[in-house]
Amino acid sequence: MSKQATSGTAGAGESLYRKEPKIYPRQVSGRFARLRVVAVWALLGLFYLLPWLNINGKQSVLFDLPARKFYIFGMTFWPQDFVYLALLMISAGLSLFFFTALAGRLWCGFACPQTVWTEVFVWIERWIEGDRQKQIKLDKSPWNADKILRKSAKQALWILFAAWTGFTFVGFFSPIRELGPAVLNLSLGPWETFWTIFYSFATYGNAGFLREQVCKYMCPYARFQSAMFDKDTLIISYDEERGEPRGGRRKDDNAREKGLGDCINCTLCVQVCPTGIDIRDGLQYECIACAACIDVCDQVMDKMSYPRGLIKYTTEHALKHNQGHVIRPRIMVYGALLLVIISGTLWGMTHRVPLRADLIRDRNALYRELPGDLVENVYTLKITNMDDQAHQYDISVLNNDAVEIDMSKPLSLQAEEVQGVSVRLRIPRSEGQGVQALELLIQAQDDPSISTKIKAKALMPLKFGSQP
Amino acid sequence: MSDKKQVLPGRWDRRKRDIGITVWVAFLAACIGTFVIFAVMDPEALNDAWVLPWEMGSRLAYSLGFLFLFIVSVIASGLTAFMIRTGPKSGHARGKGRRRPPEIRSPEENNPDLDLGDWK
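Chains as they are written, first to last, in our numbering: chain A, 1 to 468; chain B, 1001 to 1120.
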């Protein structure tokens, strides 16, 4: 049953409320709209183009899950580089705190995939169906040839765009230059097919239909935001003191004489809002900080020859004429932590030694006594050449010259190869008894900077009765 | 102590119930997950795939597997409880207990100097 609001004085109960109308956001232009267009082009440009770019003959960004290797801008990350993933996640979390404390939901308004893809779907919708008024008219009109044509064209373009998105997404996990021909030959593997369809469907559903409902009901970030805000956080606010009492007028009218504030109650701020709220009611969890209301209100103020900024980015302190600082200890602490972690991660990534070695003791025997008063300990050396070129390595014992090293094969590894090599350490019995701590050095023959040290515990027989 | 704070003996308040349910449901989910995962996977096999320097025995593999699933489940069920508790109340879709949707009118209606052609 449709519940139309009769008037502000309607009876009690549900009849007071009208049905939530479908939101047809009015197109807006201005500073923040331009900024969002830049964000959409930059972020989607990166998403759609990166997999096609090659660096050193490899896809610039490829998460090769079966091989357990991530290729990112010419660098190869191995499972052992898990620490960088952890640091990346910490940086992402800290960034969210930093930017939210600084200027509210910047992420939601300009960078969230939900916003970015919805924006493109809305562009397609406007291109096919026309502006807001035309869309409303088309939806109300009976089904005729024009409506069928426009609606099917929109759906076709949406599906095509969503399918391209799904294909690109899978292209981050499976080499995209092989994926393209596979799609054309209909020889896509079952998993690639599943994920392409799944991601396409998710894009189509989220950006075409769910839109603002995802932000209003499904996203946890909106519910957490109050914990990250304080009175010096920049938020999109309506200057109630300046705007009220609101009311319509002619441009030449003297608003003060009529007892009016600067808000002309044109409701354009509501009409441009993608979540359909009225920013004049104060900060609401539905607000995704897209700043469309700022843009449109500034235009209206220009038209009426009033100063801009009736709706603007400001702080709660500033609105109440209190002293407040956007740059405050909280921001400085978040900023400093973020800087330290990001620069530390970058330093670590660029100074990585592309060699990893683990020495695992043979579990079957403690040691073996050999003729010539030698004691042999057996290990398996698991060595990984993380570099993108082949290397040969030397191995030596740093803290004991008397130890002999015998290996099953020379340490010669191709690029990105992992080998298990049997290593026998032969120690003269005279070197001691019990546990001997040895330190081994593995070094590339062609580049001494590629080296790593590993510790080895060698066991020697105890000489019972020889001690006093 | 005010009446509001008085709790009948043996009855849990809402927060306690939420925490209890979250932890218990997560525990059950983690148990089922652990059974299923280790029924089809030998924890000894993890040693070969393990990348950290120390060796992992099968007991540690079972424990870490369960702990990991439990933590993930607690996060998921805790977040779900939080989202439901902080979300709109029952009857929301029928218009109960919320503000009226904002009023929309043609910008020119009371402002004849505004030209609608400026805003598409």
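In this text, a Cβ means the ideal position worked out from N, Cα and C, and glycines have one as well.
Residue span of the alpha helix (DSSP H) that contains residue i, given as start and end
| i | result |
| --- | --- |
| Y238 of chain A | From DSSP, Y238 of chain A is part of no alpha helix (DSSP H) but of the beta strand (DSSP E) over 235-238. |
| A437 of chain A | Per DSSP, A437 of chain A belongs to no alpha helix (DSSP H); it is in the beta strand (DSSP E), 434-444. |
| E119 of chain A | 113-129 |
| F229 of chain A | That residue, F229 of chain A, is in no alpha helix (DSSP H); it is neither H nor E in DSSP. |
| K137 of chain A | 132-140 |
| F169 of chain A | 145-171 |
| F110 of chain A | Careful: F110 of chain A lies outside any alpha helix (DSSP H) and carries neither H nor E. |
| L374 of chain A | Per DSSP, L374 of chain A belongs to no alpha helix (DSSP H); it is in the beta strand (DSSP E), 374-385. |
Check whether residue i and residue j have beta carbons under 7 angstroms apart
| i | j | result |
| --- | --- | --- |
| R105 of chain A | V272 of chain A | no |
| G1078 of chain B | T1034 of chain B | no |
| I331 of chain A | L283 of chain A | no |
| W78 of chain A | M349 of chain A | no |
| L94 of chain A | L337 of chain A | yes |
| I383 of chain A | Q419 of chain A | yes |
| A39 of chain A | F97 of chain A | no |
| N1111 of chain B | I197 of chain A | no |
| H351 of chain A | D232 of chain A | no |
| T203 of chain A | T165 of chain A | yes |
| I1019 of chain B | T267 of chain A | no |
| A162 of chain A | S200 of chain A | yes |
| N54 of chain A | G74 of chain A | no |
| N399 of chain A | E369 of chain A | no |
| L355 of chain A | T275 of chain A | no |
Residue i: contacting residues in chain B (beta-carbon distance under 8 angstroms)
| i | result |
| --- | --- |
| T100 of chain A | Ordered by position in chain B, no residue passes the 8 angstroms Cβ test against T100 of chain A, which lies about 17 angstroms from the chain. |
| G248 of chain A | E1109, N1110, N1111 |
| K258 of chain A | Under the 8 angstroms cutoff, chain B gives no residues; its nearest Cβ is about 12 angstroms from K258 of chain A. |
Closer than 7 angstroms at the beta carbon, the chain A residues around residue i
| i | result |
| --- | --- |
| I1104 of chain B | T267, V270, Q271 |
| M1083 of chain B | P220, R223 |
| L1127 of chain B | In the structure as shown, chain B begins at 1001 and stops at 1120. Residue 1127 of chain B is therefore absent and cannot be evaluated. |
Cross-chain neighbours of residue i in chain B, by beta carbon under 7 angstroms
| i | result |
| --- | --- |
| I277 of chain A | P1102 |
| I264 of chain A | N1111 |
| Y238 of chain A | What Y238 of chain A touches in chain B: nothing, since even the nearest Cβ is about 12 angstroms away. |
| Y217 of chain A | G1087 |
| K251 of chain A | D1113 |
| K22 of chain A | Result: empty, since nearest Cβ-Cβ is about 11 angstroms, beyond 7 angstroms. |
| K320 of chain A | Within chain B, no residue comes near K320 of chain A; the closest Cβ sits about 23 angstroms away, beyond 7 angstroms. |
Where the beta strand (DSSP E) through residue i begins and ends
| i | result |
| --- | --- |
| C392 of chain A | A small correction: the amino acid at residue 392 of chain A is Gln; Cys does not occupy that position in the sequence shown. Counting along the chain, the beta strand (DSSP E) containing Q392 of chain A begins and ends at 391-397. |
| V418 of chain A | 418-428 |
| D406 of chain A | 404-407 |
| S451 of chain A | 451-460 |
| A357 of chain A | 355-361 |
| T1080 of chain B | First-last for T1080 of chain B: 1058-1086, but that is the alpha helix (DSSP H), not the beta strand (DSSP E). |
| R368 of chain A | 368-370 |
| K69 of chain A | 69-72 |
| M75 of chain A | 75-77 |
| F63 of chain A | 61-64 |
| Y313 of chain A | 311-314 |
Neighbourhood of residue i by C-beta distance below 8 angstroms, restricted to the same chain and skipping five residues each side
| i | result |
| --- | --- |
| S466 of chain A | Note that S466 of chain A scores 48 on pLDDT, short of 50, meaning its location in the model is unreliable and no value can be drawn from it. |
| P468 of chain A | With a pLDDT of 40 at P468 of chain A, under the threshold of 50, the modelled position of that residue is not reliable, and the figure given next carries that caveat. For P468 of chain A, where only same-chain residues beyond five positions count, there are no Cβ hits under 8 angstroms. |
| Q445 of chain A | H391, Q392, Y393, D394 |
| D1115 of chain B | E1108 |
| L462 of chain A | Q433, G434 |
| R132 of chain A | Y24, P25, R26, Q27, Q271 |
7 angstroms Cβ shell around residue i - same chain, five flanking residues per side excluded
| i | result |
| --- | --- |
| T9 of chain A | Because T9 of chain A sits at a pLDDT of 36, beneath the cut-off of 50, its placement in the model cannot be relied upon, and the following sentence gives the value as read from the coordinates. Once the five neighbours on either side are set aside, T9 of chain A has no close Cβ partner at all. |
| M228 of chain A | F97, T100, A101 |
| I1037 of chain B | G1065 |
Residues that residue i contacts on chain A, provided the C-beta gap is smaller than 8 angstroms
| i | result |
| --- | --- |
| T1086 of chain B | R223 |
| L981 of chain B | This structure cannot settle anything about residue 981 of chain B, because the visible part of chain B is limited to 1001 through 1120. |
| L1067 of chain B | Simply none; closest approach about 17 angstroms. |
9 angstroms Cβ cut-off: residues of chain A touching residue i
| i | result |
| --- | --- |
| L1202 of chain B | The first residue shown for chain B is 1001 and the last is 1120, placing residue 1202 of chain B beyond what the model contains. |
| L1060 of chain B | Within 9 angstroms Cβ-Cβ: nothing; L1060 of chain B doesn't reach chain A, min ~16 angstroms. |
Residues of its chain near residue i, where Cβ-Cβ distance is below 6 angstroms and the 5 sequence neighbours each way are ignored
| i | result |
| --- | --- |
| R308 of chain A | D298, M301 |
| S91 of chain A | I341, I342 |
| L411 of chain A | Y393 |
| A12 of chain A | Low local confidence applies: a pLDDT of 40 at A12 of chain A is under 50, so the model's placement there is unreliable, with the coordinate-based value given in what follows. There are no such residues. |
| E286 of chain A | K216, T275, I277 |
| D239 of chain A | L310 |
Any chain E beta carbon closer than 7 angstroms to residue i
| i | result |
| --- | --- |
| K455 of chain A | The structure shown contains no chain E; its protein chains are A and B. |
Spell out a yes or no on whether the region 316-323 of chain A and the region 291-298 of chain A are touching, meaning 3 or more CB-CB pairs, one atom from each, closer than 8 angstroms.
no
Report yes or no: do three or more beta-carbon pairs, one from the region 425-432 of chain A and one from the region 402-417 of chain A, lie closer than 8 angstroms?
yes
Contact the region 192-207 of chain A vs the region 111-126 of chain A: 3+ CB pairs below 8 angstroms:
yes
Check whether the region 1018-1034 of chain B touches the region 1070-1077 of chain B, counting contact only when three or more Cβ pairs, one atom from each stretch, lie closer than 8 angstroms.
yes
Is the region 448-459 of chain A close to the region 357-371 of chain A, with three or more CB pairs under 8 angstroms?
yes
Validate contact between the region 241-253 of chain A and the region 142-162 of chain A using beta carbons, cut 8 angstroms, 3 pairs
no
Meets three-Cβ-pair contact criterion under 8 angstroms: the region 1080-1091 of chain B and the region 211-223 of chain A
yes
Three CB pairs or more closer than 8 angstroms across the region 177-194 of chain A and the region 140-147 of chain A:
no
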